[in-house]
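To keep things clear, I will list the structure first and then write my remarks on it.
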Amino acid sequence: MDDVYKLVFSFSFLFIVKTSSAADIMNATQSIRDGEALVSAGRTFRLGFFSPGSSGKRYLGISFNLLSDMTVVWVANREAPLDESSGPGVLEVTSKGKIVLLNSSRSIIWSSNASTCAKKPILKILDSGNLIVKNEGDNDTDINFLWQSFDHPGNTLLPGMKLGRNTKTGIDRSLVSWKTTEDPSPGNYIYGVDLGGYPELVMRENGIEQYRPGPWNGISFSGTPQLTPNHIYRYEFVFKDEEIYYQYLLIDTSIITKCVLSPTGLLQRFIIGDQTTSWFLYLTFQVDNCDRYGLCGPYGSCNINNSPVCDCLEGFVPKKKDEWDKLKYSDGCVRKTTLNCSSDGFRMYSGVKLPETRNSWYNKSMSLKECENMCRINCSCSAYANSDIRGEGSGCFLWFNDLIDMRELPVKGQVIYIRMAKSEIDLASIKAKSKGKKQRIVAIISSVLSATLLLGVARLVFWFSRKRQQNASMLSRKTNELQEGNCQDLPVFDLNSIASATNNFSVVNKLGEGGFGPVYKVILRDGHEIAVKRLSKDSRQGHNEFKNEVVHIAKLQHRNLVKLLGCCIEANETLLIYEFMPNKSLDFFIFDETRSRILNWPKRYHIINGIARGLLYLHQDSRLRIIHRDLKVSNILLDYEMNPKFQTLARLEVLEEAKAKQIQRRSFEHNGIYSINRDIFGFGVMVLEIVSGKKSRGFTTTITNNLLGHVKAVHIGTLCATKPQDRPTMSSMVLVLGGEAVCLDLKLPGYFNEREINGEAPRRLMSSIFHCFAR
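Numbered by mature numbering (1 follows the signal peptide of the UniProt record, and there is no 0), the letters in the sequence shown go through residues -22 to -1, 1 to 753 in order.
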C-alpha cells in the first residue's frame, strides 16, 4: 500500500488520484495530506481538501469527481476550517477506527468520534458518496460500519441517505444549511424529523418553525400532493419502532441528483442528465407564500388564489378583527360558538393540508368510525382524520390543541373532521336548505320568464325537443347494445367506487378532455393508479369511439399500447378504465428546454423503437388490421420507465383483408383515403420531432415553414458523407438545393461500416429517416 498516490492540482480543489488497485481504501497506516484525495471505487465521488470561493479557508469534504464544477456534498470540519496559521492539514485513521483531522502542529481540528471496537479499521468512500470506516473484511453494509458520513448529513441529501431518527442508536440525521455559499459552517436552517406527536418533517430557522410539508399519508406528504411518483426517483417515509426517516432512491441511475438546503432556507432538488454536465433546478419544495408555517394563525386557512390569502375556517372568526384587517394574521381565528361536549358534532373540510401534528395522538390500525368515536368521547379532542388515505382510508389522527398551519390545495388533498358546536352544525344545514330554497325560487321565476319568452318560438322549441328525444332514444338504444354484450369480455368496475375515488368526478382529479369526454386519475383501495375515461353525455362522436374501443381495443394486447383494464356502464354513466401513465405525454418532454434534458439519445431511440414496434403490431401482427389515423407526439404516453404507449385508438380504422390490399395502393395524402401510409407518414413526422426537439408545424426558417422541408439540407449533408464512390457532384448538389432536381438515393455514410461501434442501430435509423423524408 506504499506510494499509491499521484499529486494532481485542481483550480480550487487539490487532490490526488490513487494508482493502485486499492484506490478506494485507506487503512490505519496511511494518511491524506492537504493537496491529496481519496476517490470512490466507481470514481463518482472524491474526498479531499478544498477552499470555497475566495474564502482562503480549507475544508475536508466530499464532492462529485466527474463534474466540471466543484459540487461539495459533505464537509467534515465545517466549524473548524484550516487557514494559514494552522498550516496544511492531514487526515488519519487511528487504530481504534477514529478519523482525525490534524493541523501542522498535530492538534486535532475535527474527529469522527467513532466506536473503539475496531479490529483493523479501513477508511473507504462508497460510490453512493458515503464515507465509511469499517473493519477490513466486513461487507459494505451499514450494520458493519464503525462510522459513516451518511449519519452526519451536511446541507445535501443524496440518494440512499436517511433523514430522521434511529431510536435504538440515538442518531439524529438532519440537514443543516451553510451560512453562505462560501461558508460551509452551520447556517440558520435545520430540516429534520420532529418526533412530537405523529412524526413529520419540519424546517426551522434558529429554532423557529418555518416550513413543513405535512404528515405522510401513505402516498405523499399531506401538504405536497403535487410531488407524485416519477421515473427518476421514488421516495418514502419509513415509520418503524427502531427507525423513523425519509429517503429517496434513484430509479434512473443515469441521472445525478441532489437535494440541497440553501443558506436562505429553500429546499431544492437539482438534476444532471447523462448528456449534460451542469445542474438544473428540478423543483423547489416551498411552492408559494402559503407554505410559510402558521401564516394564518390557529384555525386559519391559506389560499394563494385569494386576496388576501388568509381566511378563517367556516364556523370561526378573526380573533382580532382590527389586526386581521391590517393583514396581520398571527393571532388567527376563534370559534363563533362555544363547544358543549355532550352535543358537539363534526364538520368535514376536504382538500386541505392537515394541521401540525406535534401534539396529536395517532393509531395506525383504527378505522375512521373508531377514530370519530374516540374523538367524540374526549372533550379535549378538536379534530380527527385518517392517517393513511390509500383505498378507503385507515389509521387515526386526533388533535388536542388549536389547529394551525392549514392551507387549501390546488389538487385533491386530505379530509379532516373538526369539532363544532351543535348550533353551528344546524346553522350550516339551514344555510344549505336556504340556499336550495333560493335556488328553487330563482328556478321558478326563471321558468316563468322563459315560458313567456318561448311562446313566440313554440315551433322551434317543438322541433328542438323532438330532435332531442330522437337523440336520447338513439343514445339509450346504443347504451343498451353495449350493456347487452360489448362489455362482457372486459372486467366490470363499480361506479360507486370510481365516483368515490374521484370525489364524485371532481375537477381536481381531471387529467384532460378529448372528443370522447373527460379523463380522470383514480387511486384504488389497494393504491393502484388507473385512468378513467368518462363518456360525455353530449358527445355522439364519443359514443362511437367508446364502442370502437370496447369492441376492438379489448382484443389488442401489446407493451406499447395503453392497456384497457375494464369498463363500467351503470346509471347512465359510461366509463372506460385504462392503466395510468404517470409521465404524461411525449410532447410534455421533447418541446420543453428543461425537461428535454432528461431524454438523452438512448431514451429517445428507445421511445422511437417502442412506437415502431407498436405500429408494426397494429399493421401486421395483431388479430385485426389496424390504421391508427391520429399519430402525434401528444398521443404518445410514457409510463414510469419512459416506455411509450399509444394514448388512444378511438379513431382507428379496422381493415378487412381484401379491402386492405386495395386501400394500401392509395396514399393518404390523395383524396382523403385512409391507408397504412398515413400512419407511416405520421410516424416519420414524430421521429423528426423526437430527434430534433422541434415542432413540425411550428418550425420556420427563411426557406421553409416546416420541419420536413428543413430535413432536405440534412439529407444533402449526409449524401456528401458517404463512401467516395457514392458521393454526388457539386453541380448536382446545386441543382437539388435550387429545387431543380430531386435528391439522390441516400447511402449509409462510409464511416458507419468501418467497425462496429455503440449506437450503430440508432445511426442507421437516422439514415433511413433522412432517406424517407428529405425528398
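Here a beta-carbon is modelled for each residue, glycine too, at the ideal position from N, C-alpha and C.
Thinking just about the alpha-carbon of each residue, which of the options is nearest to the one in residue i?
i, options, result
"N284", "P388, R212, L228", "P388"
"S574", "S600, I668, F558", "I668"
"residue 763", "V393, I403, N356", "As displayed, the chain neither begins before -22 nor continues past 753, which places residue 763 out of reach and without an answer."
"G107", "I234, W156, G174", "I234"
"F23", "G490, E221, I103", "I103"
"S89", "S83, C95, L79, A96", "L79"
"D219", "R512, M352, K146", "K146"
"E187", "G201, W194, I168, N195", "I168"
"S256", "F263, A92, F248", "F248"
"R84", "V68, K76, G75, C95", "V68"
"F27", "K76, S358, N81", "N81"
"V265", "L205, Y211, G278, N91", "L205"
"S41", "E70, L109, K74, A92", "L109"
"L291", "S328, D303, S33, E183", "S328"
"I100", "P137, L16, L594", "L16"
"P207", "H693, N55, E619", "E619"
"K672", "L564, I694, Q598", "L564"
Which same chain residues, not among the five before or five after residue i, have their C-beta less than 6 Å away from its C-beta?
i, result
"M664", "V611"
"V312", "K297"
"L317", "A399"
"I382", "G272, P276, P333, E334"
"R582", "I668"
"D599", "none"
Could you check the C-alpha separation between residue i and residue j for me, to the nearest Å?
i, j, result
"K98", "L124", "11 Å"
"I282", "C268", "6 Å"
"F215", "L577", "29 Å"
"K331", "G243", "21 Å"
"F558", "S514", "20 Å"
"G592", "H584", "12 Å"
"R656", "W579", "26 Å"
"residue 755", "R354", "No statement about residue 755 is possible, as the shown extent of the chain runs from -22 to 753 and does not include it."
"N43", "L25", "9 Å"
"M139", "K236", "11 Å"
"L141", "Y224", "5 Å"
"A361", "D300", "28 Å"
"L596", "N561", "24 Å"
"I476", "N482", "8 Å"
"L245", "F494", "41 Å"
"G201", "M384", "8 Å"
"G369", "Y340", "19 Å"
"Y211", "L228", "4 Å"
"G371", "S478", "12 Å"
"K541", "T262", "34 Å"
"G490", "K342", "35 Å"
"R56", "Q535", "58 Å"
"N356", "V180", "28 Å"
"E647", "R270", "Note that E647 scores 36 on pLDDT, short of 50, meaning its location in the model is unreliable; the coordinates nonetheless yield the value given after this. About 58 Å."
"N621", "S232", "16 Å"
"S9", "S63", "21 Å"
"V486", "E507", "15 Å"
Comparing the C-beta of residue i with each C-beta of chain C, is any distance below 8 Å?
i, result
"I367", "In the structure shown, chain C cannot be found, because there is only a single protein chain."
Take residue i and list the residues in its own chain whose beta-carbon comes closer than 7 Å to its own, dropping the five residues that flank it on each side.
i, result
"E402", "G293, K314, T315"
"P59", "K35, R36, Y37"
"C274", "C280, C288, Y307, G310"
"E548", "L473"
"M326", "V393, Y395"
"R11", "P66, V68"
Within a Cβ cutoff of 8 Å, which residues of the same chain sit near residue i, ignoring the five residues on either side of it in sequence?
i, result
"E350", "F324, Y362, Y395"
"D380", "P276, Y277, G310, S360"
"F661", "I589, A590, L593, L609"
Inset, instruction - Please list the segments of the alpha helix (DSSP H) lying wholly inside the stretch 106 to 130, counting only runs of 4 or more residues, in order along the chain. - result: none
Legend entry - Stretch pair the stretch 567 to 578 + the stretch 538 to 554: three plus CB contacts closer than 8 Å: no
Inset, instruction - Please specify which runs of the alpha helix (DSSP H), each continuous and at least 4 residues long, are wholly inside the stretch 26 to 86, giving them in chain order. - result: none
Legend entry - beta strand (DSSP E) runs wholly inside the stretch 153 to 180, at least 3 long, in chain order: Whole beta strand (DSSP E) segments, 3+ residues: 153 to 158, 161 to 172.
Inset, instruction - Would you check if there are 3 or more beta carbon pairs closer than 8 Å linking the stretch 158 to 174 to the stretch 346 to 359? - result: no
Inset, instruction - Evaluate contact between the stretch 173 to 185 and the stretch 335 to 344, counting only Cβ atoms and requiring at least three cross-stretch pairs below 8 Å. - result: yes
Legend entry - Complete runs of the alpha helix (DSSP H) confined to the stretch 306 to 353 [at least 4 residues]: none
Inset, instruction - Flag this pair as touching only if the stretch 108 to 128 and the stretch 188 to 195 have three or more C-beta atom pairs under 8 Å; answer yes or no. - result: Output reads no: the stretch 188 to 195 does not touch the stretch 108 to 128.
Inset, instruction - Flag this pair as touching only if the stretch 138 to 156 and the stretch 41 to 49 have three or more C-beta atom pairs under 8 Å; answer yes or no. - result: no
Legend entry - Runs of beta strand (DSSP E) lying entirely within the stretch 235 to 266, each at least 3 residues, in chain order: 245 to 250, 258 to 262
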